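Residue numbers (this note's numbering): 17 to 327.
Structure first, then comments.
Now the structure itself:
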């Protein structure tokens, strides 16, 4: 774990009820409350907002809320059953996808700006590519604002989840406080992320690294939600998983940037492919090193670590 992980764990999670189980809160009540909070954030992502920066921020929060919500839904899979789980998960996923292009276009702008700043390469080609990305992003924001019917429809679909969440999970299934009820789900998520890491290491493909990040995020958001009822080692692990997700996420953003530069109606800026390749190589090496430490334990060992550090 990184040298500053303990301090970052404290800084990242200020006291408050947002996406964290209360120390004395029952598991069933906590999962229900947190799910309802995330639905509200997602619904707000489809509000009509005039300011571009504020709209970008709300879209970002809504996308993150969708990921957190899907992690919570996975924790409730034993009670929902596979059909119920898939229905709720697909509903959240499909609405979040309506905002994904906007979020991606904004991230690509930041990724390009970071490359230019870090490497002092403000070339004409880079400026042309940035101009195109800005035009695309502005058009997407305008399109979301103009589609009032689509936004309202998404909000209606998401509000259906309120009724679904109100009926799960039950204290009978999850108990009042014991996290042992979700230990198997946590173990399964850890196993999937660990397996995805090994596949990404073998193949080296951008797709497999992205799939690994998805697994890391599922585990990260679940542990993030439960950390209030866990010991400090779990909070520290959440920080490490967050850092790992950011590293692998930047690699994915670079791949997207290079892909869009090839499909854009202009020449690929000189030096961009080499910059992306070098940065990606370093990011993946760092990610695999950190991932090897975070996922060093076998799944059964990790389950034991989780249960020993939770109430």
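We put the beta carbon where it would ideally sit given N, CA and C, even for glycine.
Keep in mind the model is a prediction, meaning the values are calculated, not measured.
Assuming residue 252 contacts residue 48 under a Cβ cut-off of 8 Å, what Cβ separation, rounded to an integer in Å, is found between them?
As a working note, residue 252 is residue 236 in the chain shown. As a working note, residue 48 is residue 32 in the chain shown. That belief does not hold up - the Cβ atoms of residue 252 and residue 48 are roughly 27 Å apart, past 8 Å.
Suppose you measure from the CA of residue 235 to the CA of residue 77; what does that come to, to the nearest Å?
Translated into the one-based positions of the chain shown, residue 235 becomes position 219. Translated into the one-based positions of the chain shown, residue 77 becomes position 61. For residue 235 and residue 77, the distance between alpha carbons rounds to 19 Å.
Report the CB separation of residue 123 from residue 269 in whole angstroms; it is logged as a contact under 8 Å.
Taking the chain shown and counting its residues from 1, the one referred to as residue 123 is at position 107. Taking the chain shown and counting its residues from 1, the one referred to as residue 269 is at position 253. About 5 Å; that satisfies the 8 Å criterion.
Let's see if you can read the secondary structure: which residues bound the alpha helix (DSSP H) around residue 323?
Taking the first residue of the chain shown as position 1, residue 323 is located at position 307. Run containing residue 323: 315 to 324, per the alpha helix (DSSP H) assignment.
Measure the alpha-carbon distance for residue 160 versus residue 126 and round it to whole angstroms.
By one-based count along the chain shown, residue 160 stands at place 144. By one-based count along the chain shown, residue 126 stands at place 110. So the two alpha carbons sit approximately 20 Å from each other.
Range of the contiguous alpha helix (DSSP H) that encloses residue 280
Mapped onto the chain shown, residue 280 falls at position 264. Where residue 280 is concerned, there is no enclosing alpha helix (DSSP H), given that its DSSP letter is neither H nor E.
If you draw a straight line from the C-alpha of residue 162 to the C-alpha of residue 81, how long is it?
Taking the first residue of the chain shown as 1, we reach residue 162 at position 146. Taking the first residue of the chain shown as 1, we reach residue 81 at position 65. About 23 Å.
Which residues in the same chain have their Cβ closer than 6 Å to the Cβ of residue 166, if we skip the five residues on either side of it in sequence?
Within the chain shown, the letter at position 150 stands for residue 166. Contacts found: none.
Residue 172 to residue 86, Cα distance in whole Å?
Residue numbering aside, residue 172 sits at position 156 when the chain shown is read from its first letter. Residue numbering aside, residue 86 sits at position 70 when the chain shown is read from its first letter. Looking at the two C-alpha atoms, the distance is approximately 18 Å.
According to DSSP, simplified to helix, strand and coil, what is residue 23?
Against the chain shown, residue 23 aligns to sequence position 7. Reliability fails at residue 23, whose pLDDT of 46 lies under 50, so the model's placement of it is uncertain and no value is given.
Thinking C-alpha only, which one of 96, 144, 170, 311 is nearest residue 114?
Here residue 114 refers to the residue found at position 98 when the chain shown is read from its first residue. It is 170 whose Cα lies nearest to the Cα of residue 114.
The segment 92 to 100 contacting the segment 140 to 156, beta-carbon criterion three pairs below 8 Å:
no
Residue burial classification, residue 307 (beta-carbon count within 10 angstroms, cutoff 16)
By one-based count along the chain shown, residue 307 stands at place 291. Its Cβ being crowded by 16 or more others within 10 Å, residue 307 is buried.
Please name the residue or residues paired with residue 246 in a DSSP beta bridge.
To locate residue 246, count along the chain shown from 1; it is residue 230. DSSP output for residue 246 lists 326 as bridge partner(s).
Could you give the residue range of the alpha helix (DSSP H) that holds residue 120?
Locating residue 120 in the chain shown gives position 104, where the first residue counts as 1. Here the alpha helix (DSSP H) through residue 120 covers 93 to 135.
Between which two residues does the alpha helix (DSSP H) harbouring residue 64 extend?
Counting from one through the chain shown, the residue named residue 64 turns up at place 48. Element bounds for residue 64: n/a, residue is neither H nor E.
Just how far apart, CA to CA, sit residue 275 and residue 292?
In the chain shown, counting from the first residue as 1, residue 275 sits at position 259. In the chain shown, counting from the first residue as 1, residue 292 sits at position 276. Put simply, the backbone Cα of residue 275 is about 11 Å away from that of residue 292.
Sequence-distant residues of its chain with Cβ nearer than 6 Å to residue 321 (five each side left out):
Locating residue 321 in the chain shown gives position 305, where the first residue counts as 1. Answer for residue 321: no residue qualifies.
Just verifying my parser: in three-state terms, what is the DSSP assignment at residue 312?
Position 296 of the chain shown, counted from the first residue, corresponds to residue 312. Residue 312: coil per DSSP, three-state reduction.
Residue 230 and residue 224 look like a contact to me (Cβ under 8 Å); what is the Cβ gap, rounded to whole Å?
To locate residue 230, count along the chain shown from 1; it is residue 214. To locate residue 224, count along the chain shown from 1; it is residue 208. Contact flag wrong, Cβ pair sits at about 11 Å.
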